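Chemist: Those protein sequences? They're chains A and B, same order as listed.
According to numbering that gives the first Met the number 0, the first sequence is numbered sequentially starting from 0.
According to numbering that gives the first Met the number 0, the second sequence is numbered sequentially starting from 0.
Each residue gets a CB set at the ideal place from its N, CA and C atoms; glycine is no exception.
The model shown is predicted, which means the values in this text are computed figures rather than measured ones.
Got a structure for you, written out below as structure tokens; questions coming shortly.
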Amino acid sequence: MINNSLKQLGDMLQAKKISSVELTQAFMARISQYNPSINAYISLNEDKTFTQAKAADAQIAAGNITPLTGIPFAQKDIFCAKGWPTTCGSKMLENFIAPYDAHIISQFDAVGAVNLGKTNMDEFAMGSSNETSYFGGVKNPWSFDRVPGGSSGGSAAAVAARLCAAATGTDTGGSIRQPASLCGLTGLKPTYGVVSRFGMIAFASSLDQAGPMAKSAEDCALMMNVMAGFDERDSTSLNRAKEDYTKDLNKPYLNKPLTGLKVGLPKEFFAEGLDASVGKVIETAIAEYKKLGAEIVEISLPNTGLSIPVYYVLAPAEASSNLSRYDGVRYGHRAAEYTDLMDMYNKSRAEGFGAEVKRRILIGTYVLSAGYYDAYYLKAQQIRRLIAQDFTEAFKKCDVIMGPAAPSTAFKAGEKVDDPVAMYLQDIYTISTNLAGLPGMSLPAGFAQSDDGKALPVGLQIIGNYFDEARMLNVAHQYQQVTDWHVQTPDLSLLEGKA
Amino acid sequence: MALSIEDIKKVAHLARIEVSDSDAATTLSKLTGILGLIEQMQAVDTTGIVPMSHSQDLSQRLREDVVTKTNLRDEFQKNAPALGNGSTEQAVSGGLYLVPKVIE
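Shown next as structure tokens:
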């Protein structure tokens, strides 16, 4: 049951082979057993969860089922959910109870989905290992001494360990795709503006985008049908006609599933910096795509290397502005002792934010300060356009772009904590799509052997043109029809503290 | 451009984050590393390139000037922090938020 797809679970619920309460109990039992050591969830609330499950069962009994009704999901703790603690992984918001629902939370509620709890994450989504969380790191279910990736590390570990049917994540520079890659999941970052940011705690507003983290492309498509859509409350939400993201999953082609599909391979994604073991897995996946009828085209994204410098100007600049709201006045942490208002601000922020968040606020403040604006912020915005233009050129030659989602498999906890620049390089293949606003996804493509003999998941990244999510899901789904990487599960029997 | 301890202190003041002398040294070394990474941008010729702030170059949408929000003041005030300086009371009074005195 815990390994079933969303479609299968929906069918079982509709046929009344299982109730939402029973399904929720099954996941809750696993959460009690494994979460104390994995630490995927920051908050749980059985009363709220089971109230939703009972309501879902009543809805199903009334014959009012939709594809996700009664299915238990985990929500990243960046989304406000009314009455739930919403911490964003920070001490700053440790005691914050959301007074309203994020758009996507109301969307899940409206179809009768069940919220199992709020998942752990890097503080304010700033990190690639979940180690900046005030609530502690998260274990990678595939190898307990390794990180799950970040910032959506709790959501990734929860799906991989089957502590939920699927989860939500957010992706500002790779925070859905990199953890999906490191934990063996299928995760999608939609085109910027497709999913509303209302009620999603802001990091870098021109880059932030929410998306699904699940077991398969089909699951992601079903979640997108609920999550995507115009919302007036987000000023950058795009007013487009409602789309069915499952419509192209089984799209028939001539004689092979993907005949004629032009797959672009950017040579910059296979250059220095990519682990050889990861490169090998990606090459095998590309060979599989050839068998499915795809045609491989070599392309170039010449400004890929600049995406990290540009991102570490723009994202901290936007963050320094967004996070100025945490001043200890109306909500959030206020210092216990202070002399005057200025001292209250300075101490509340020094105590409430962790080291990485402070670094980024300081960088952002520096690049926006008088005399440096043109050299940093404006320059970064200009190069951002060059990066976006690289993709426009590339998509003249291909339908989708493929490559690795991350340069390595899951690394050991503590390995990169003291070296921010090394940590930032984790997002070398994902950041450029955020800067361009394009959709990107990661799907399991196999395993690479680590030095200590562990088999660790490798994610294949698919980047599509604007609003091409349905096609990308089709491309991923067809691969998942002929491979079984996405149905592999980690062995949790060695987890310490197991009941 | 090399950062100094004074730069760190100045930026920390602008950002309203207290940085102790010992933290300032660590912060300096980490920020120097990050700025080194950022410095790669300066080698690129961007003459005439229009800065990009939105991926689809859309401008802000306008809406009718009507009330769309309900009053959630009581709800919001439940999240007010403790007053501090020895008081664990919430920093609210009569629907207002309490801060240290700023006008003599």
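I need the straight-line Cα distance from B/R62 to A/R196, nearest angstrom please.
Modeler: Stepping through the second sequence from its first residue, residue 62 of chain B is reached at position 63. Stepping through the first sequence from its first residue, residue 196 of chain A is reached at position 197. Approximately 18 Å, taken between the alpha carbons.
Chemist: For A/G126, decide whether its Cβ has a neighbour in chain B, counting only Cβ atoms nearer than 8 Å.
Modeler: For this step, residue 126 of chain A is matched to residue 127 along the first sequence. No, A/G126 lies away from the interface with chain B (no Cβ there is under 8 Å from its Cβ).
Chemist: Three-state secondary structure (DSSP) at A/F72?
Modeler: Along the first sequence, one-based indexing puts residue 72 of chain A at 73. Looking at A/F72 - three-state DSSP - the assignment turns out to be strand.
Chemist: Taking DSSP as the reference, what is the three-state secondary structure of B/K100?
Modeler: Your numbering for residue 100 of chain B matches position 101 in the second sequence. Of the three classes helix, strand and coil, the one that applies to B/K100 here is coil, per DSSP.
Chemist: Please check the pair A/Y99 and B/A79, which I expect to be a contact at CB under 8 Å, by giving their CB distance rounded to whole angstroms.
Modeler: Translated into the one-based positions of the first sequence, residue 99 of chain A becomes position 100. Translated into the one-based positions of the second sequence, residue 79 of chain B becomes position 80. That belief does not hold up - the Cβ atoms of A/Y99 and B/A79 are roughly 16 Å apart, past 8 Å.
Chemist: How many whole angstroms separate the CB atoms of A/K214 and A/H485, which I take to be in contact at a CB cut-off of 8 Å?
Modeler: The residue labelled residue 214 of chain A in the question sits at position 215 within the first sequence. The residue labelled residue 485 of chain A in the question sits at position 486 within the first sequence. Between A/H485 and A/K214 the Cβ distance is about 6 Å, and since that is below 8 Å, they are a contact.
Chemist: Step through the CB atoms of chain A and report whether any lies within less than 8 Å of the CB of B/I102.
Modeler: Here residue 102 of chain B refers to the residue found at position 103 of the second sequence. With 8 Å as the cut-off, B/I102 does not count as an interface residue toward chain A.
Chemist: Give the DSSP-derived three-state secondary structure of B/K29 in the structure shown.
Modeler: On the second sequence, position 30 is the one that residue 29 of chain B refers to. Three-state result, B/K29: helix.
Chemist: Give a single yes or no on whether A/S4 has its beta carbon closer than 7 Å to a heavy atom of the ligand SAH.
Modeler: The ligand SAH is not part of the structure shown, which contains no ligands of any sort.
Chemist: What does a CB cutoff of less than 7 Å around A/T171 pick up in its chain, not counting 5 residues either side in sequence?
Modeler: Indexing the first sequence from 1 puts residue 171 of chain A at position 172. Hits under 7 Å: A124, F202, A203, L206, D207, A314, N433.
Chemist: Could you compute how far the alpha carbon of A/K357 sits from the alpha carbon of B/I16?
Modeler: The residue given as residue 357 of chain A occupies position 358 in the first sequence. The residue given as residue 16 of chain B occupies position 17 in the second sequence. For A/K357 and B/I16, the distance between alpha carbons rounds to 8 Å.
Chemist: Please tell me whether A/A334 and A/E350 are closer than 8 Å, where the distance is taken between their beta carbons.
Modeler: Position 335 of the first sequence, counted from the first residue, corresponds to residue 334 of chain A. Position 351 of the first sequence, counted from the first residue, corresponds to residue 350 of chain A. Between A/A334 and A/E350, the C-beta gap is smaller than 8 Å, which places the two residues in contact.
Chemist: Should A/T258 be flagged as near chain B, meaning a C-beta pair shorter than 8 Å?
Modeler: Taking the first residue of the first sequence as position 1, residue 258 of chain A is located at position 259. Output row for A/T258: interface = no.
Chemist: Excluding the 5 residues flanking A/V366 on each side, which residues of the same chain have their C-beta closer than 6 Å to its C-beta?
Modeler: By one-based count along the first sequence, residue 366 of chain A stands at place 367. Around A/V366: V312, A316, Y375, Y376.
Chemist: Helix, strand or coil: which one does DSSP assign to A/F49?
Modeler: Your numbering for residue 49 of chain A matches position 50 in the first sequence. In the structure shown, A/F49 sits in a helix (DSSP, three-state: H, G or I).
Chemist: Which same chain residues, not among the five before or five after A/L43, have their C-beta less than 7 Å away from its C-beta?
Modeler: Here residue 43 of chain A refers to the residue found at position 44 of the first sequence. Excluding positions up to five away in sequence, the list reads I30, G116.
Chemist: Between the region 370-383 of chain A and chain B, which residues of the former have CB atoms less than 8 Å from a CB of the latter, in chain order?
Modeler: A374, Y375, L377, K378, A379, Q380, Q381, I382, R383
Chemist: A/A579 by DSSP, collapsed to three states: which one?
Modeler: Given a span of 0 to 498 for chain A in the structure shown, any question on residue 579 of chain A remains unanswerable.
Chemist: So which residues on chain A does B/I4 lean against when the C-beta distance must stay under 7 Å?
Modeler: By 1-based counting over the second sequence, the position of residue 4 of chain B is 5. For B/I4, there are no neighbours in chain A by C-beta distance under 7 Å, as the nearest C-beta there is about 13 Å away.
Chemist: With a cut-off of 8 Å, does the C-beta of B/V66 fall near any C-beta of chain A?
Modeler: By 1-based counting over the second sequence, the position of residue 66 of chain B is 67. Judged by the 8 Å Cβ criterion, B/V66 is not in contact with chain A.
Chemist: Going along the chain, which residues of the region 327-339 of chain A sit with their C-beta nearer than 9 Å to a C-beta in chain B?
Modeler: G327, V328, R329, Y330, G331, H332, R333, A334, A335, E336, Y337, T338, D339
Chemist: CB-CB under 7 Å to A/I77, same chain, minus the five flanking residues each way: which ones, in chain order?
Modeler: Taking the first sequence and counting its residues from 1, the one referred to as residue 77 of chain A is at position 78. If we look at A/I77 and ignore the five residues flanking it on each side, its Cβ neighbours are C87, M120, A124, T169, M199, I200.
Chemist: Let me make sure I understand the geometry here. Which of A/T190, A/P211, A/L248 has the alpha-carbon closest to that of A/A179?
Modeler: Within the first sequence, numbered from 1, the residue matching residue 179 of chain A stands at position 180. The shortest Cα separation from A/A179 among A/T190, A/P211, A/L248 belongs to A/P211.
Chemist: Exposed or buried, A/V225, counting other C-beta atoms within 10 Å across all chains shown (16 or more means buried)?
Modeler: Against the first sequence, residue 225 of chain A aligns to sequence position 226. Its Cβ being crowded by 16 or more others within 10 Å, A/V225 is buried.
Chemist: Measure the beta-carbon distance from A/P456 to A/G183 and round it to whole angstroms, keeping in mind my assumption that it falls under 8 Å.
Modeler: Taking the first residue of the first sequence as position 1, residue 456 of chain A is located at position 457. Taking the first residue of the first sequence as position 1, residue 183 of chain A is located at position 184. About 3 Å separates the two Cβ atoms, so the contact holds.
Chemist: Starting from the N-terminal side, write out each stretch of the alpha helix (DSSP H) that is 4 residues or longer and does not extend beyond the region 353-435 of chain A.
Modeler: 354-367, 378-393, 419-423, 430-435
Chemist: Would A/K497 be called buried (16 or more neighbouring beta carbons within 10 Å of its own) or exposed?
Modeler: By one-based count along the first sequence, residue 497 of chain A stands at place 498. Low confidence applies to A/K497: its pLDDT is 46, below 50, so where it sits in the model is not reliable, and the reading given next is rough at best. Label assigned to A/K497: exposed.
Chemist: What's the gap between the Cα of A/Q501 and the Cα of A/L493?
Modeler: Since the first residue shown for chain A is 0 and the last is 498, residue 501 of chain A is missing from the structure and cannot be characterised.
Chemist: Cα separation between A/L260 and B/T31?
Modeler: As a first step, residue 260 of chain A must be located in the first sequence, where it is residue number 261. As a first step, residue 31 of chain B must be located in the second sequence, where it is residue number 32. Those two C-alpha atoms are separated by around 45 Å.
Chemist: Note down, in chain order, every chain B residue with its Cβ under 7 Å from the Cβ of A/T364.
Modeler: Your numbering for residue 364 of chain A matches position 365 in the first sequence. V10, L13, A14, listed in chain order.
Chemist: Where does A/E297 sit, in a helix, a strand or coil, going by DSSP?
Modeler: As a first step, residue 297 of chain A is located in the first sequence; it is residue number 298 there, counting from the start. Note: A/E297 maps to strand in three-state DSSP.
Chemist: Is it true that the CB of A/F72 sits closer than 8 Å to the CB of A/F581?
Modeler: Residue 581 of chain A cannot be examined here, being either before or after the span of chain A that is shown, 0 to 498.
Chemist: At 8 Å on the CB atoms, spell out the chain B contacts of A/S319, in chain order.
Modeler: Working through the first sequence from its first residue, we reach residue 319 of chain A at position 320. Residues of chain B passing the Cβ test: A14.
Chemist: Determine the closest residue to A/L248 out of A/R232, A/M223, A/L237, with distance taken between C-alpha atoms.
Modeler: What you label residue 248 of chain A is simply residue 249 of the first sequence in a count that begins at 1. For the residues A/R232, A/M223, A/L237, the minimum Cα distance to A/L248 belongs to A/M223.
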